[in-house]
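There are 2 protein chains.
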Amino acid sequence: MMPKPEILDPQGKAVLGALPRLGFEGVVDVRQGKRFELEITGDVTPELLAQVHAMAETLLSNPVIETFAVRVEPTA
Amino acid sequence: MMPKPEILDPQGKAVLGALPRLGFEGVVDVRQGKRFELEITGDVTPELLAQVHAMAETLLSNPVIETFAVRVEPTA
């Protein structure tokens with residue numbers, strides 16, 4: 001979940017400004033967003049994935065200012 | 001960047017508690033963390049990747065309570 005490109009991201013800008021002062025170079029932009037890990041038991045069915053999309057859209061993100069992506073990661 | 005497993009995550013727990021009230025089922029745990037997108041120009045060399053690791057460890061994360069992973073994603 002990341003702030004939309006047209007949304008100001010003061011936290012990302014603060015990190016971007018701090019990098020050269022700390023000796024890090026080569027980064028031209030930083031955006032700060034959120035990451036949610038949802039643990040699921042059982043198989044990832046298309047229905048479940050649709051439900052996770054609905055959660056991300058209605059509960060986890062603010063669709064006015066944020067975009068999100070859903071990624072499935074098998075647990076080790 | 002995610003809170004370590006032994007660290008309490010009240011935001012994640014709040015989301016977990018809200019899901020059934022909103023009609024979502026099948027999620028057994030939720031953890032909330034952060035996501036940083038660093039935009040780089042040029043090639044991702046091993047040196048650059050090592051530097052991004054150092055940034056994540058020293059500036060972006062709090063290694064006492066958080067773990068992090070670095071992933072390279074080509075821009076579209």
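Note that the protein sequences, when read in sequence, are chains A and B. With the first letter of the first sequence counted as 1, position 37 gets the number 37 in the numbering used here; the numbers rise by one all the way through. With the first letter of the second sequence counted as 1, position 14 gets the number 14 in the numbering used here; the numbers rise by one all the way through. Backbone N, C-alpha and C fix where the C-beta goes; we use that ideal spot for every residue, glycine too.
If the five residues before and after residue 13(A) are omitted, its C-beta is found closer than 8 Å to the C-beta atoms of 30, all from its own chain and listed in chain order. Rounded to whole angstroms, residue 70(A) and residue 73(B) show a C-alpha spacing of 15 Å. An exposed status is given to residue 22(B), since fewer than 16 other beta-carbon atoms sit within 10 Å of its beta-carbon. Residue 9(B) and residue 3(B) have their C-alpha atoms spaced approximately 7 Å apart. The continuous beta strand (DSSP E) containing residue 34(A) extends over residues 27 to 40. Excluding its 5 nearest sequence neighbours in each direction, residue 51(A) has no C-beta neighbour in its own chain below 7 Å. Residue-level contact by beta carbon holds for residue 31(A) and chain B, with a gap shorter than 8 Å. Close to residue 41(B), with beta-carbon spacing below 7 Å, are these residues of chain A in chain order: 28. Assignment of residue 55(B) by DSSP, reduced to helix, strand and coil, places it in the helix class. At a cut-off of 8 Å, the C-beta of residue 68(A) has no neighbouring C-beta in chain B. Residue burial annotation: residue 44(B) is exposed, with fewer than 16 other C-beta atoms found within 10 angstroms of its C-beta. Under DSSP, no beta-bridge partner is assigned to residue 47(B).
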